Every structure is written in C-alpha cells, then in structure tokens.
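Novice: Chains as they are written, first to last, in this note's numbering: chain A, 687 to 808; chain B, 687 to 808.
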C-alpha cells in the first residue's frame, strides 16, 4: 500500500475506535513508537509491535473514552499526520481530560515503521 | 529559544499574517523547506533563507488571503506541528481554494532548520 492508503486506513480504524486492529493490520514488526514523555512504568520510546500492542491494551484498559475526533490524514511522500482530540477519563484517578495531539507517521513498504506523538502546547 | 517558544512565536506571527516576519526572525540561514510538489517554476525542495523568502514573497504577491486559521502548535523534543486552514484566491487564475495542510518543523539552536508541508488527503 502507498502512504496515502495506509494513512486513510489508520484514520478510518481510529475513527471506529479499533485501535488494536490498526496496530495489527498496519504496523511493521519493528515499529518505533515515541510518546512525548514516559508514562507510569512505560518508557517514552517503545520498539517492536509487542510493546506497542501492550501500550495500546494498557490505554484501553485504563481509560474510558467518551468521545474522539480524528482529523486528517495529511500526506506527503513517506509521511502522514493525523490529529486526535480525545475526551477521556483515567479510570484510576477519575480525572477527565481533553487530550489534543498529533501523530507523525512514517510508512515503509506499506507498513507504519515509526509514530511520534506531539501534544498541543499549553 | 526552546522548541516550544519558537513554535508559539511562529503560530502567533502566522495568525497575524506576518509570514515574512516569521521567516526573518525564526528561520535558520540554511533552512530546508519542502512542499508536497513543485509549483510553477519552483522545485518542491528549497534550500537557504533567500529561497524561502522568495517563495513567501511569491505566495503573498500571487494570492489574496480571505481568511486563515492556525491550529497548534503541537510540540515534542525538537519538532513541532502547526495546522493551517487558508481560504485563498490565486490572483492569476481567479481560482478560490480552501487549503488545509500541516507543517512539520524541526528546531535546532533556537531556529527552524527544516519545514515540510503535508496537504489534507482528498
């Protein structure tokens, strides 16, 4: 698949809330996933599809998603960007947050090989 | 300046329509600027602040901007993203377009050293 096809499929799956299906079908085995900072006992940078599946499962297990909006994709060459606005409650802390962030994705040989998330500056 | 300061200044100047001031105050001399594709007689990739000033001047001379909205910045490490929604008419063709794109910016030593633009996929 070309970058634009991968990008559109990712956005489509995220809009349906099918986060794990997106990882399983579109991510390379050697995916590198970079968060803005370390979270709980997870490092900011994770390597390999098993770690990314673990992070995705952790997010789903520990958060209640009330609403989410995905904008994009924005595509050029081997790169695409999607914007995520997510209204979410952390189940443990009961804290409800409006998260706004973009993901920058790199595609190689039809699979996502790198994703990097950038939060909206306060 | 740190990445977040540079990012916020860029967004502030773009919101005011002060595109050339943004280039003059925030861009490195060896800036690399990458558009999705070549335009008229300009290559997709331009190098050096003089070429980028030329592109900015060409854009301002040849387009009438009716409205623009800048979303962001989204910031992590040495990278930031801003989203631009611009309602613009090409003066020569009289074609009015709603452009939606994101810019991915790299900051080094307090200056923007690379910008890459990605249009919303159709």
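Cβ coordinates follow ideal geometry from the N, Cα and C atoms, glycine included.
From a predicted model like this one, the values you see are computed outputs, not experimental measurements.
Quick check on residue 762(B): does DSSP put it in helix, strand or coil?
Specialist: Correct three-state label for residue 762(B): strand.
Novice: Does any CB atom of chain A fall closer than 8 Å to the CB of residue 758(B)?
Specialist: Yes, residue 758(B) counts as interfacial toward chain A.
Novice: Of all Cβ atoms in chain A, is any one closer than 8 Å to the Cβ of residue 751(B)?
Specialist: No, residue 751(B) lies away from the interface with chain A (no Cβ there is under 8 Å from its Cβ).
Novice: Compute the minimum distance between the beta carbon of residue 747(A) and the heavy atoms of the ligand MG, and state whether it is under 7 Å.
Specialist: In terms of ligand content, the structure shown is empty, and the ligand MG therefore cannot be addressed.
Novice: Taking only the alpha-carbon atoms, compute the straight-line gap between residue 646(A) and residue 773(A) and give it to the nearest angstrom.
Specialist: Here chain A covers residues 687 to 808 and nothing more, so residue 646(A) does not appear.
Novice: So, with DSSP's three-state summary, where would you put residue 721(B)?
Specialist: Here residue 721(B) sits in coil by DSSP.
Novice: Just verifying my parser: in three-state terms, what is the DSSP assignment at residue 727(B)?
Specialist: Three-state DSSP puts residue 727(B) in coil, outside helix and strand.
Novice: Put residue 711(B) into one of helix, strand or coil per three-state DSSP.
Specialist: If DSSP states are grouped into helix, strand and coil, residue 711(B) belongs with the helices.
Novice: Taking the alpha-carbon positions, what's the residue 714(B) to residue 801(A) distance?
Specialist: Spanning the two alpha carbons is a distance of roughly 26 Å.
Novice: Distance check for residue 795(B) and residue 786(B), CA to CA, integer angstroms please.
Specialist: Computed Cα separation, rounded: 29 Å.
Novice: So, are the CB atoms of residue 758(A) and residue 697(A) less than 8 Å apart?
Specialist: It is a contact, given that the beta carbons lie within the stated cut-off.
Novice: Going along chain C, which residues have a C-beta under 9 Å from residue 805(A)?
Specialist: You won't find chain C in this structure, because its protein chains are A and B.
Novice: Taking the beta carbon of residue 693(A) as the centre, do at least 16 other beta carbons fall within 10 Å, making it buried, or is it exposed?
Specialist: Buried, by the Cβ-count rule.
Novice: Measuring alpha carbon to alpha carbon, tell me which residue in 747(B), 784(B) and 717(B) is nearest residue 738(B).
Specialist: For the residues 747(B), 784(B) and 717(B), the minimum Cα distance to residue 738(B) belongs to 717(B).
Novice: With burial defined as no fewer than 16 other Cβ atoms inside 10 Å of the residue's Cβ, what is the status of residue 778(B): buried or exposed?
Specialist: That one is exposed.
Novice: May I ask you to list, following chain order, the residues of the segment 781-797 of chain A that have a beta carbon less than 7 Å from some beta carbon of chain B?
Specialist: Those would be 787, 788 and 790, in chain order.
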